[in-house]
Amino acid sequence: GEVTDWQSYYDLFCSLIHDNLAYTDVEKFRYLLLTLKDEPYNLIKSIPITEDNYNIAIDTLVSRYDNKRIIASKHLDKILDLKPCSEKISGLRELLNIYQENIKALETMQFPVRHWSFILLNILLRKIPLIIRKRFELSLENKSDIPSVSILISFLERELAACEITGQSKLIDIGTNSSIYENRTKHTLIGDR
């Protein structure tokens, strides 16, 4: 697995197997091998399955994967490397899921993510389709205030929910002549007569 998956894997393994006094170290070692694949499995597969070697296997994995700096860097890389999404709803949903998964991971690692709002807002704005960015800008009441990234996330969630409820698979441009702002303005003018 990926280094970013380590902490959740290790926490789960510890709660179910490692800290369970009902299992011997040999049984724990067998379960450990059964739950691993790829590189982590290859790191310990040649260690003989004995009571004494279980802790050696665990220590080998911890020394390789429990590196907070690498884990945090990988989570940040996933955010910075987000691909601009297409106008398909599935693309926007995937972008939002990847963003939220990695931000939550950084928050769990005690990073001051809420202080990064302006930076994160601009990263996300560069990744979303122009149609949605335009709708977001039109939805803001005060154009000179800097919105928080949470306002953008809430907006994107509402857009996705509306598209999913109506069965749309693509984001539809509402057009320059009938933008949300202009519709509100026309409605207000008619109401003022």
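Note that my numbering has the sequence shown beginning at 42, numbered continuously upward. Glycine included, every Cβ here is placed at the ideal spot set by N, Cα and C. Model, not experiment: these values are computed from the prediction.
Met150 is a Cβ neighbour of Lys109, given a cutoff of 8 Å. The stretch 167–175 and the stretch 122–133 touch, with three or more beta-carbon pairs separated by less than 8 Å.
Cβ-Cβ distances below 7 Å link Ser210 to Lys129, Ile130 in the same chain, with the five nearest sequence neighbours on each side left out; the list follows chain order. 8 Å or more divides the Cβ of Ala113 from the Cβ of Leu73. Shortest Cα-Cα distance from Ile194 to any of Ser185, Arg174, Thr207, Ile206 involves Arg174.
When only Cα atoms are considered, Glu43 and Phe152 end up about 20 Å apart.
Straight-line measurement puts the Cα of Leu84 at about 27 Å from the Cα of Glu142. Comparing alpha carbon positions, the residue from Val103, Ile88, Ser56 closest to Phe70 is Ile88.
Cβ-Cβ distances below 8 Å link Glu205 to Ile130 in the same chain, with the five nearest sequence neighbours on each side left out; the list follows chain order. By the CB criterion at 8 Å, Arg134 and Leu201 fall inside the cutoff. For Lys115, the secondary structure class from DSSP, reduced to helix, strand or coil, is helix. Judged by DSSP secondary structure, Asp100 falls within the alpha helix (DSSP H) whose first and last residues are 92–106. In this structure, DSSP gives Lys86 a state outside helix and strand, which the three-state scheme calls coil. For Tyr50, the enclosing alpha helix (DSSP H) has its first and last residue at 47–54.
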